[in-house]
Every structure is written in C-alpha cells, then in structure tokens.
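Numbering (the numbering used here), first residue to last: 2 to 382. We put the CB at the ideal spot given by N, CA and C, even for glycine. In what follows, a single structure is set out as structure tokens and then discussed.
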Ligand SMILES: NC(=O)c1ccc[n+]([C@@H]2O[C@H](COP(=O)([O-])OP(=O)(O)OC[C@H]3O[C@@H](n4cnc5c(N)ncnc54)[C@H](O)[C@@H]3O)[C@@H](O)[C@H]2O)c1
C-alpha cells in the first residue's frame with residue numbers, strides 16, 4: 002500500500018499481483034447500498050467477471066459500459082450515465098467504481114463528482130496510463146466538441162485498487178507507452194533509477210510481474226514526490242510535463258494523419274524529450290552525454306528518434322504555439338513555456354515553477370534538426 006498525498010488530500014493506493022478477490026473484499030467493506038461500475042466494453046469482456054461476480058454478492062451492481070475509445074468522454078455520455086444511475090436507484094450511499102483505463106476512469110470520476118453533489122469513488126485501473134498517472138490525480142474531465150479535457154472538476158477517490166496482473170493483457174504498445182512515461186520520470190525526477198530502467202529494458206519481457214511492479218512503484222514514487230504539495234498539479238507537478246511541449250504537438254499532428262494507429266502518447270513524449278534535451282543543452286543545462294542517454298533510451302524503447310514521416314515542421318510548430326503551458330508562465334509571442342533540465346533530475350526555473358521561456362526559433366531549429374535526422378534512420382511510423 003502507498004499513500005497518495007496531493008496537497009492536503011490523502012488516499013490509499015493498494016496494489017498486488019493476482020489479488021482481485023482481496024480487492025472485492027476491501028470494496029465490500031465500504032458498506033455501499035449499490036455499486037455503479039463505469040467501464041468500457043473491452044475491459045468488461047476481458048476482465049468484467051473477475052470483479053462483477055463477487056461484487057454482486059455484497060450489494061446490487063449496475064454496469065455502465067460504452068464502446069472503448071477516447072470519444073466516449075462526452076457530455077451526452079456523462080448525462081446518460083447520471084440519468085441511468087439515478088433512475089435505477091443510486092443514493093448518496095452508492096459507490097462509483099471506475100473500472101478500466103483513463104477514459105472510463107475520467108468519465109466515472111465526473112459521475113461520482115456530480116451525482117448528488119458527490120458520492121464515493123473507487124478506482125480499479127487496468128491500463129498503465131490509468132495506474133501510473135490518471136488515478137494519482139484528482140482531475141476528472143471529459144472532452145468538449147472543440148478540445149480535450151475542457152469540461153471537468155476535481156474529485157478525490159476513496160482509494161485505488163490495482164491488480165497488476167490485469168496489465169498483462171494490454172497491447173505491447175500500451176506497455177511501451179507506460180515505460181516511456183517512466184523513462185521521463187527517471188530523466189526528469191529520479192536519475193538514480195536509470196540503472197534499473199536499463200535492466201528492465203534489457204530483460205525485454207514487459208509483462209513479467211517484476212517488470213510491471215517496478216514500473217508501477219517507480220511511477221508512483223516519481224509522481225507522488227512532485228505532487229505532494231501540489232494538489233492541482235500547477236506548480237512542482239509541472240515537471241511531469243517534461244517532453245510534453247514538442248511531444249504533445251507531434252502526437253496531435255500524427256493522430257490527425259494516422260488516427261488511433263498513430264504514435265502513442267508515451268512515444269510522443271519520449272520523442273519530445275529528445276527535443277527538450279537538445280534545447281536544455283543549447284541553453285546551458287544538460288551535457289552532450291545526457292543528450293546521448295536520451296537517444297539511447299529512446300532507441301531501447303523503440304520510440305521514434307526523428308519526426309515521424311509525413312509530419313512537417315510547420316505543423317508541429319503550429320501545435321507547439323497552442324501549447325497549454327503558456328498560461329502558467331507569462332511568455333511573449335516568440336517564446337514557449339517549457340520544462341528544460343539544468344541537470345538530469347533538476348529542472349531550470351524553480352522547483353515550484355519548473356518552466357522557463359524558450360525562444361520559438363530554438364524550438365523550431367531543434368525540431369527541424371530532428372526532422373532532418375529522419376533521413377537514413379529506420380522509423381516505426
Ligand atoms: N489526471 C488525469 O485525470 C489524467 C492523466 C492522464 C491521462 N488521463 C486521460 O486518460 C485517457 C487515456 O487513458 P488510457 O490510455 O488508459 O485509455 P483507455 O482508457 O481508452 O484505454 C486504452 C485501451 O486499452 C483497453 N484496455 C483497458 N484495460 C485493458 C486491459 N487490462 N487489457 C487490454 N486492454 C485494455 C481499453 O479498452 C482501450 O481500448 C485520456 O483521456 C487522458 O485524458 C487523465
């Protein structure tokens with residue numbers, strides 16, 4: 002068990018391997034009059050039985066499930082989940098269980114936050130993103146017609162319960178995406194874990210229990226260490242955005258081009274770190290060896306080491322200009338607010354606001370140099 006502390010908020014995070022029976026027993030102890038399980042059809046098919054059969058012996062269970070995918074995070078789906086829950090007898094004593102990845106997790110978080118102005122929420126994450134990122138956060142949001150996570154609020158869960166064995170059915174691409182995020186944490190927050198990361202990458206079996214537990218513990222440690230005093234993830238927690246300025250821009254452009262088959266979030270962040278490392282070196286931070294380390298890890302992870310084919314520098318730069326970190330640090334038109342590293346594990350700026358203004362020209366030069374590197378390199382995309 003770990004305690005997640007976000008500002009003044011604390012909740013327990015229980016995890017184990019092959020422990021679904023114990024998870025159900027623990028949830029049963031909350032004395033709920035009803036369980037509202039918010040999930041998606043894929044998770045329901047693959048793992049539903051392990052939760053629902055036993056849970057149903059403790060209280061009535063209502064399952065609210067939708068086809069898997071980011072587009073279910075919508076207002077109409079939120080409204081219909083709320084109406085269904087109320088119509089079938091939810092009360093203030095009911096518990097909403099978020100069962101699945103970050104998508105049903107966010108939808109469930111909002112159902113719990115809004116039902117009778119807030120009922121209890123329990124997370125059972127089943128993806129690396131959910132287990133290592135979204136459940137260690139109070140943020141709950143759905144998408145508007147014009148953008149991601151535009152509609153939301155903060156709602157604290159009672160607890161998180163993870164059966165690490167569930168992650169074994171994830172596609173390799175999802176597990177790799179989780180490892181890319183863990184790599185970000187090692188480079189930006191916990192450089193002393195790089196030796197362990199290299200060992201895990203060398204072993205090669207991403208579904209081995211030891212690897213999955215390492216990944217979880219490492220990610221928890223990193224996230225908790227920077228969000229402890231930062232409940233809303235708007236101060237020290239911004240270090241978690243390392244690699245995200247260029248990474249998110251590439252992710253958006255690539256998904257426009259290739260849809261869901263495009264680059265994963267984690268891979269995009271890994272690529273964004275290659276740019277951030279070069280920028281860090283150009284402004285007097287990281288050394289050439291540090292940049293080489295980023296390259297080595299990206300290659301070991303099978304992440305792209307050059308701008309994915311088909312994307313052009315102008316599109317990527319247009320997306321960089323719309324990056325949402327601008328609001329945290331006043332910057333001029335010709336600058337981006339970025340996380341850059343002074344040394345591995347140490348950001349420039351302050352611990353409380355690890356963002357610095359970087360000239361757009363430098364960002365563009367760096368992206369252009371990574372675009373040029375595509376020639377002569379074999380890419381995954
Ligand atoms: N602070 C936060 O709230 C926060 C943080 C990070 C991400 N997010 C959100 O999380 C979402 C992304 O989460 P995600 O990547 O988990 O997406 P997701 O929930 O869509 O899951 C990805 C895919 O994996 C499938 N899946 C889930 N568990 C599985 C399992 N054990 N085995 C096989 N397949 C499984 C799902 O059905 C889905 O097809 C985004 O909407 C993002 O905004 C929120």
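Query: Could you please go through the chain and list the residues whose beta-carbon is closer than 5 Å to any non-hydrogen atom of ligand 1?; Result: 41, 43, 44, 69, 102, 103, 104, 127, 128, 130, 131, 134, 135, 138, 140, 167, 170, 171
Query: So, does the stretch 135-145 touch the stretch 153-166, judging by three or more C-beta pairs under 8 Å?; Result: yes
Query: Take every Cβ of the stretch 194-203, pair it with every Cβ of the stretch 161-168, and state whether three or more of those distances are shorter than 8 Å.; Result: no
Query: Would you mind sorting residue 373 into buried or exposed? The rule is 16 or more other CB atoms within 10 Å of its CB.; Result: exposed
Query: What are the start and end residues of the alpha helix (DSSP H) that includes residue 43?; Result: 42-56
Query: Does residue 7 pass the burial test, meaning 16 or more other C-beta atoms within 10 Å, or should it be called exposed?; Result: buried
Query: Relative to the alpha-carbon of residue 103, which residue among 289, 41, 29 has its alpha-carbon at the smallest distance?; Result: 41
Query: Run through the DSSP bridge pairs and tell me what residue 12 is partnered with.; Result: 5
Query: Return helix, strand or coil for residue 171, following the three-state DSSP convention.; Result: coil
Query: Which class does residue 318 belong to by DSSP, given the choice of helix, strand or coil?; Result: helix
Query: Use the C-beta contact count for residue 14: other C-beta atoms within 10 angstroms, 16 or more gives buried, fewer gives exposed.; Result: buried
Query: Using beta-carbon positions only, say whether residue 176 and residue 208 come within less than 8 Å of one another.; Result: yes
Query: Under 8 Å between the Cβ atoms of residue 96 and residue 183?; Result: no
Query: Residues in the same chain with beta-carbon distance under 7 Å from residue 194, minus the five sequence neighbours each way, listed in chain order, please.; Result: 187, 219
Query: How many angstroms separate the CA atom of residue 2 from the CA atom of residue 317?; Result: 41 Å
Query: Taking only beta-carbon positions, decide if residue 19 is within less than 8 Å of chain D.; Result: The chain inventory of the structure shown lacks chain D, comprising one protein chain alone.
Query: Can you tell me where the beta strand (DSSP E) with residue 66 in it begins and where it stops?; Result: 62-67
Query: Tell me whether the beta-carbon of residue 120 lies closer than 8 Å to the beta-carbon of residue 98.; Result: no
Query: Is the stretch 263-272 touching the stretch 243-250 in the sense that three or more CB pairs, one from each, lie closer than 8 Å?; Result: yes
Query: Out of 101, 109, 93, which one is the CA nearest neighbour of residue 75?; Result: 109
Query: In its own chain, which residues sit with a C-beta less than 6 Å from the C-beta of residue 77, not counting the 5 before and 5 after it?; Result: none
Query: Under the rule that 16 or more other beta-carbon atoms within 10 Å means buried, what is residue 324, buried or exposed?; Result: buried
Query: Which residue marks the beginning of the beta strand (DSSP E) containing residue 383, and which one marks its end?; Result: Because the chain is modelled from 2 through 382, residue 383 falls outside the range shown and cannot be assessed.
Query: Near residue 263, what residues of its chain come up, given a Cβ to Cβ distance below 6 Å and the 5 sequence neighbours on each side ignored?; Result: 255, 256
Query: Quick one: measure Cβ to Cβ for residue 62 and residue 82, integer angstroms, because I've assumed they're closer than 8 Å.; Result: Contact flag wrong, Cβ pair sits at about 15 Å.
Query: Give me the Cα-Cα distance between residue 20 and residue 214, rounded to the nearest whole angstrom.; Result: 13 Å
Query: Do you know whose CA, among 46, 313, 54, lies nearest residue 67's CA?; Result: 46
Query: For the putative contact between residue 340 and residue 242, defined by C-beta atoms under 8 Å, what is the C-beta separation to the nearest angstrom?; Result: 5 Å
Query: Using the DSSP secondary-structure output, state which residues sit across from residue 306 in a beta bridge.; Result: DSSP lists no partner for residue 306.
Query: Considering residue 141, what are the terminal residues of the beta strand (DSSP E) in which it resides?; Result: 140-145
Query: Suppose contacts are defined by Cβ-Cβ distances below 8 Å. Is residue 87 in contact with residue 65 by that definition?; Result: no
Query: If I measure Cβ to Cβ from residue 379 and keep anything under 7 Å in the same chain, skipping five residues before and after, which residues do I get?; Result: Note that residue 379 scores a pLDDT of 43, beneath 50, so its modelled location is shaky; the value from the coordinates is reported in the next line. Closer than 7 Å at the Cβ level, and outside the excluded window around residue 379, lies no residue.
Query: Apart from the five residues just before and just after residue 362, which ones in its own chain have a Cβ nearer than 8 Å to its Cβ?; Result: 335
Query: So, for residue 364: in the same chain, excluding its five sequence neighbours on each side, which residues have a beta-carbon less than 8 Å away from its beta-carbon?; Result: 246, 247, 276, 280, 318, 321, 337, 339
Query: Determine which residues share a DSSP beta bridge with residue 164 and list them.; Result: 17
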